[in-house]
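Numbering (the numbering used here), first residue to last: 32 to 388.
Take a look at the structure:
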């Protein structure tokens, strides 16, 4: 046995005290971590890292993309890019958003067009930005992104597929969607588009998940509204994504019925048109139905066997920043109050996407 000298004994006692302090610190941090992970008791939003409450979310982008693969459904295994490359490319832009006061980001890329929930979770954890993914299918662009079973399965069976993602998580990731994303073209919905919408309605009634729908024009938006309300679902459960594709009178008519008007694709080149659309909604006391977003992201391309991520055209030199740096200052110049800005950028997306236990 070793015999300790007085100095050795003091050092031993110091090490023990330090070890106890370290253990206490780790226990404390563990309890803090557990408290931070406790599920909210009231209304919530489902993110790729779990449920979050509705407080202190900062500004919100309700319709954006991270990566989108336009190859077509069921052609190649997804994702085609190394996730490390995607993280290196996109993370700095999400960190910049978080630093500028944004706390929540709705990623609207559906399944079979590049949805990559594991990438979203990694980016969320690394950036501190909360990210929400989706379930549902995209029937716009001549059905290029629909899997074969979407043509043969009933609305009920499709709803069961999506409900499984909601209840159990997407694939084996455990990551749950926070809303339903559909995509339709122009004009009244065709048979496939209507079937998908009816599947979304079935899931909405079971889960409360909001229905956000890429929509080609105002006629298609009206068709969606009519199908939804015929199924005894309130218009407030419909988000007309890309409502800039309609006319002022079409947006006003559906906003008055409670539909959420989402003006997506805000860019410096089209800034004036977005300012005018927002101004018309304000003049008609309908800012309470408005959301705005960039519809930005990166497309997956194959250049002679090399997979690359290419920015969408909109705002490629300053991703996700046009609203904050150009649109909001313009609205303030036109007399929009801070309360109105907060309504559009924070309160409306929370009301539109939140869920109740």
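Backbone N, C-alpha and C fix where the C-beta goes; we use that ideal spot for every residue, glycine too. All figures in this text were calculated on a predicted structure; none of them were measured in a lab.
- Rounded to the nearest angstrom, the gap between the Cα atoms of residue 320 and residue 286 is 6 Å.
- Taking all protein chains in view, the Cβ of residue 309 is crowded by 16 or more other Cβ atoms within 10 Å, so the residue is classified as buried.
- Its chain contains 312, 371, 374, 375 as the residues whose beta carbon lies nearer than 7 Å to that of residue 318, once the 5 sequence neighbours on both sides are disregarded; these appear in chain order.
- According to DSSP, residue pairing for residue 330 in a beta bridge involves 99, 341.
- Apart from sequence neighbours up to five positions away, the residues of its chain that approach residue 70 with a beta-carbon distance below 6 Å are 82, ordered along the chain.
- Sequence-distant partners of residue 74 (beyond 5 residues in either direction) whose C-beta falls short of 6 Å from its own C-beta, in its chain, are 85, 385, 387.
- Residue 212 carries a strand assignment under DSSP once its states are collapsed to helix, strand and coil.
- Distance from the CA of residue 199 to the CA of residue 139, rounded to the nearest whole angstrom, comes to 20 Å.
- In this structure, residue 101 sits away from residue 247, with a CB-CB distance that is not shorter than 7 Å.
- The alpha carbon of residue 97 has as its nearest neighbour, out of 305, 131, 338, 351, the alpha carbon of 351.
- Two segments are said to touch when three or more pairs of C-beta atoms, one from each, lie closer than 8 Å; by this definition the stretch 352-366 does not touch the stretch 161-181.
- Assigned with DSSP and collapsed to three states, residue 198 falls in helix.
- Residue 189 counts as buried, since no fewer than 16 other beta carbons sit within 10 angstroms of its beta carbon.
- A residue is called buried when at least 16 other Cβ atoms come within 10 angstroms of its Cβ; residue 180 does not meet this threshold and is exposed.
- No Cβ-Cβ contact shorter than 7 Å links residue 79 with residue 201.
- Leaving aside the five residues that flank residue 93 on each side, the residues in its chain whose CB is nearer than 6 Å to its CB run, in chain order, 137, 322, 324, 380.
- Just measuring C-alpha positions, the residue of 283, 284, 187 sitting nearest residue 237 is 187.
- For residue 272, the beta-bridge partners assigned by DSSP are 245, 293.
- Residue 251 is positioned such that its CB atom lies no closer than 7 Å to that of residue 272.
- For residue 138, the beta-bridge partners assigned by DSSP are 95.
- The residue among 303, 257, 305 with its C-alpha nearest the C-alpha of residue 289 is 257.
- Residue 194 is positioned such that its CB atom lies closer than 7 Å to that of residue 234.
- Scanning 149, 218, 174 for the CA closest to the CA of residue 203 turns up 149.
- Proximity to residue 127 across 99, 105, 160 peaks at 160, based on C-alpha coordinates.
- Cβ atoms of residue 245 and residue 215 come within 8 Å of each other, at about 7 Å.
- The three-state secondary structure of residue 82, taken from DSSP, is strand.
- Nearest to residue 165 by C-alpha distance, out of 335, 196, 227, 112, is 196.
- Contact check for residue 120 and residue 340: beta-carbon distance about 5 Å, within the 8 Å limit, so the pair qualifies.
- Assigned with DSSP and collapsed to three states, residue 368 falls in coil, not helix or strand.
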